[in-house]
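Peer 1: Right, I'll just put the structure down here and ask away after.
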Amino acid sequence: MENTIIKQHYIAQEYLICPATSEHFEAMLNVFLETAEWLRSKGIRQWGHFLDGYGRDDITASIDSGSAYVVLQGDTVIGTVCVLIEPEEWDHHIWPDTNLGDSVMIHRLAVSRDYAGKGIGKHIVTWVENGLQFPSTKKYIRLDCVGDNEKLNAYYVTQGFEKVGSTDGHSKYQKEIGVVVS
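Residue numbers for the sequence shown follow my numbering, beginning at 1 and rising by one.
In structure tokens, the structure reads:
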């Protein structure tokens, strides 16, 4: 990612986090597919497009742009996140009245179901906040998620994000960069 420096390469002292490469594509896709299947089994519509054969171009584009990261235990991809320092078209749709030039955007944060419940998602969010160095013009970390996923919405609040509205059924969250949650 241009203008972003990785300051920390490990999370939870045992998982390597690094930029994704094309060699990680299939493993990343599998994480999204298994997560989408699990969500669908819970009646949550998030990421269903992966199950319908879509979303592959998004993964490839994020790898090619350097915005995709993978979390590895050994050689196994156990999680992934996309961190954008420049907003995508989707971000402008979800945040239509917000100047996003001061924002870092988180997308597609997912953890393998085999590692769910072990705090890896929290470690990934903390890594985005503390393990990356962003341009000084960036003041916020912003993300969105489907509004009807109550657990995920509550989770982001526990991670120190403030809900600042919703657009088209997606909840919008933000957190000031450098603000610590106790």
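For each residue, glycine too, the CB sits at the ideal point set by N, CA and C.
#1: Can you grab the Cα-Cα spacing for the pair Leu13 / Thr167, in whole Å?
#2: Could you check whether the stretch 22-39 touches the stretch 120-132, counting it as contact only if at least three pairs of C-beta atoms, one from each stretch, sit closer than 8 Å?
#3: Could you compute how far the alpha carbon of Arg113 sits from the alpha carbon of Gly119?
#4: Using C-beta distances below 6 Å, list every residue in its chain close to Lys175, excluding the 5 sequence neighbours before and after it, in chain order.
#5: Is it buried or exposed for Cys82, if we count other Cβ within 10 angstroms and need 16 for buried?
#6: Please work out which residues of its chain come closer than 8 Å, Cβ to Cβ, to Lys163, disregarding the five sequence neighbours upstream and downstream, and give them in chain order.
#7: In three-state terms, what does DSSP make of Arg40?
#8: Return yes when the Cβ of His107 is within less than 8 Å of the Cβ of Leu100, no when it is not.
#9: Would you mind stating whether Ala20 and Ile63 have Cβ atoms separated by less than 8 Å?
#10: Between the Cα of Val31 and the Cα atoms of Arg56, Gly43, Leu16, Thr98, which residue gives the shortest distance?
#11: Locate the beta strand (DSSP E) running through His9, then write down its first and last residues.
#12: Assuming Glu37 contacts Leu51 under a Cβ cut-off of 8 Å, what Cβ separation, rounded to an integer in Å, is found between them?
#13: Between Tyr115 and the rest of its own chain, which residues show a CB-CB distance below 8 Å, the 5 nearest in sequence each way excluded?
#14: I'd like the list of long-range same chain contacts for Ser103, defined as Cβ closer than 6 Å, with 5 residues on each side in sequence excluded.
#15: Which residue spans inside the stretch 52-138 form an unbroken beta strand (DSSP E) run of at least 3?
#16: Among Gly165, Gly147, Glu150, Gly121, which one has its Cα closest to the Cα of Val70?
Peer 2: A quick look at the data gives this:
#1: Reading off the sequence, residue 13 comes out as Gln, not Leu. Within the model, the alpha-carbon separation for Gln13 versus Thr167 is close to 37 Å.
#2: The stretch 22-39 and the stretch 120-132 do not touch, with fewer than 3 CB-CB distances between them shorter than 8 Å.
#3: 12 Å
#4: Ile141, Gly160, Phe161
#5: buried
#6: Closer than 8 Å at the Cβ level, and outside the excluded window around Lys163, lie Asn153, Tyr156, Val157, Ser171, Lys172, Tyr173.
#7: helix
#8: Against a cut-off of 8 Å, the Cβ pair of His107 and Leu100 comes out as no contact.
#9: yes
#10: Arg56
#11: Premise fails: His9 is in no beta strand (DSSP E) and is neither H nor E.
#12: 7 Å
#13: Gln73, Ile78, Gly79
#14: If we look at Ser103 and ignore the five residues flanking it on each side, its Cβ neighbours are Tyr140, Arg142.
#15: Whole beta strand (DSSP E) segments, 3+ residues: 68-73, 76-84, 103-111.
#16: Gly121
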